[in-house]
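Right, one structure below, let's go through it.
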Amino acid sequence: MAEAKTQDAIALLKADHRAVEELFEKFEKATASERKRKLAEEICLELSVHAEIEEEIFYPACEGKVDEDLLKESYVEHDGAKVLITEIMNGGPSDEFYDAKVKVLQEEIEHHVEEEEKRLEGLFAQARKAELDMDALGQQLAARKAELTEEFKASGIPTPRLTTMDEVSV
Ligand SMILES: [Fe+2]
Ligand SMILES: [Fe+2]
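This is the structure we're talking about:
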């Protein structure tokens, strides 16, 4: 198999967005419990890896170079998603609110992706304008993504660390 061409950072992150959108669409159409669980787990895996590589590599590279408020909101939006991801991973398709949690996660992610990809003023557009080295970042993101995906597949998705809020306890 030909070696995958290195993607620049934004191309890689956008491809992740498209992949997860497709999974959400499949979940919407699914009816069998096992299929739903499998798709929801794939969604949670993809999003956990994606949030982690953005927070470890891409967002820090944006620090000081993009609108500070927008960057902060991105971290908070990730944490909101992580709470739902944890809920979904701990639950199952027979739970009363399972489908609703996946749906709300989908809506939150749609909003978040819009904030990242919006033309001109989105986070990615601002990062592009700031002339970050997107090829070098793309390589770092791809390497870390491969590492985390393997790790999470082997030992399960760890309970995500929240960056902007204390762990919620009830
Ligand atoms: Fe993203
Ligand atoms: Fe993000």
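Going by our numbering, the first residue of the sequence shown is number 110, and it counts up by one from there.
Using N, Cα and C, we set each Cβ at its ideal position, and we do this for glycine too.
Computed from a predicted model, the values in this text were never measured in an experiment.
Please go through the same chain and pick out, in chain order, the residues whose beta-carbon is closer than 7 Å to the beta-carbon of ARG228, but skip the five residues on each side of it. So the list reads ALA234, once near-sequence residues are dropped.
Is GLU163 close to ligand 2? I mean its beta-carbon at under 8 Å from any heavy atom of the ligand. At least one heavy atom of ligand 2 is nearer than 8 Å to the Cβ of GLU163, so yes.
Can you have a look at THR195 and say buried or exposed, based on whether 16 or more other CB atoms are within 10 angstroms of its CB? When all chains shown are included, THR195 counts as buried.
Output the distance between the C-alpha atoms of ASP275 and GLY247, rounded to the nearest integer angstrom. Note on geometry: alpha-carbon atoms of ASP275 and GLY247 lie some 31 Å from one another.
From the DSSP output, in three-state form, read off THR195 for me. DSSP, reduced to helix, strand and coil, places THR195 within a helical segment of the structure shown.
Could you check how far apart the C-beta atoms of SER142 and PRO269 are, in whole angstroms? I think they sit under 8 Å. Between PRO269 and SER142 the Cβ distance is about 24 Å, and since that is not below 8 Å, they are no contact.
On the three-pair Cβ rule with 8 Å, is the stretch 217-226 touching the stretch 176-195? Between the stretch 217-226 and the stretch 176-195 there are three or more inter-stretch CB-CB distances shorter than 8 Å, so the stretches are counted as touching.
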